[in-house]
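Novice: One structure, pasted below without further comment.
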Amino acid sequence: MVLALEIFLVASAVLMTIFVLLHKGKGGGLSSLFGGGVQSNLSGSTVVEKNLDRVTIFMVIIWLACIVGLNLIEAFTV
Numbered sequence: 007m008v009l010a011l012e013i014f015l016v017a018s019a020v021l022m023t024i025f026v027l028l029h030k031g032k033g034g035g036l037s038s039l040f041g042g043g044v045q046s047n048l049s050g051s052t053v054v055e056k057n058l059d060r061v062t063i064f065m066v067i068i069w070l071a072c073i074v075g076l077n078l079i080e081a082f083t084v
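Throughout the sequence shown, residue numbering follows our numbering, covering 7 to 84 in sequence.
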C-alpha cells in the first residue's frame, strides 16, 4: 500500500510539473523568455487552456491525497 502511494506521489508530481509548465504565461517573466509572450498575445482563453486547468487541479488533488494517505499510514503504524 505504501509503495503504491509513493509511486502515485512521484507520478503525480512529475505530471503536475509538466502541466504547470504547459500553461501559457500571463505576462512578462520567464515564459516570455522562451517565446511565450508572443503566443499569449495572439491567443485568448481557449477550451484547451480550461481543460489544462482542470487536469492540473485534478493532479494536485491526487498529489495531496497521496501525501495525506502516506502521513496517515505512517502515523498509525508506529
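Every residue, glycine too, gets a C-beta built ideally from N, C-alpha and C.
When we look at the beta-carbon of Met65 and count the other beta-carbons within 10 Å, is it buried (16 or more) or exposed?
Specialist: Along the sequence shown, read from residue 1 onward, the residue named residue 65 stands at position 59. By the neighbour-count rule (16 or more Cβ atoms within 10 Å), Met65 is buried.
Novice: Which same chain residues, not among the five before or five after Phe25, have their C-beta less than 8 Å away from its C-beta?
Specialist: The residue labelled residue 25 in the question sits at position 19 within the sequence shown. Closer than 8 Å at Cβ, skipping near neighbours: Leu58, Val61, Thr62, Met65.
Novice: Here's the rule: buried if 16 or more other CB atoms are within 10 angstroms of the residue's CB, otherwise exposed. What is Gly35?
Specialist: Indexing the sequence shown from 1 puts residue 35 at position 29. Its pLDDT being 48, under 50, Gly35 is placed unreliably in this model, and the coordinates cannot settle the point.
Novice: Quick check on the DSSP output: the alpha helix (DSSP H) that includes Val20 runs from which residue to which?
Specialist: To locate residue 20, count along the sequence shown from 1; it is residue 14. Where Val20 is concerned, the enclosing alpha helix (DSSP H) stretches over 8 to 28.
Novice: Where does Val84 sit, in a helix, a strand or coil, going by DSSP?
Specialist: Counting from 1 along the sequence shown, the entry for residue 84 is found at position 78. If DSSP states are grouped into helix, strand and coil, Val84 belongs with coil.
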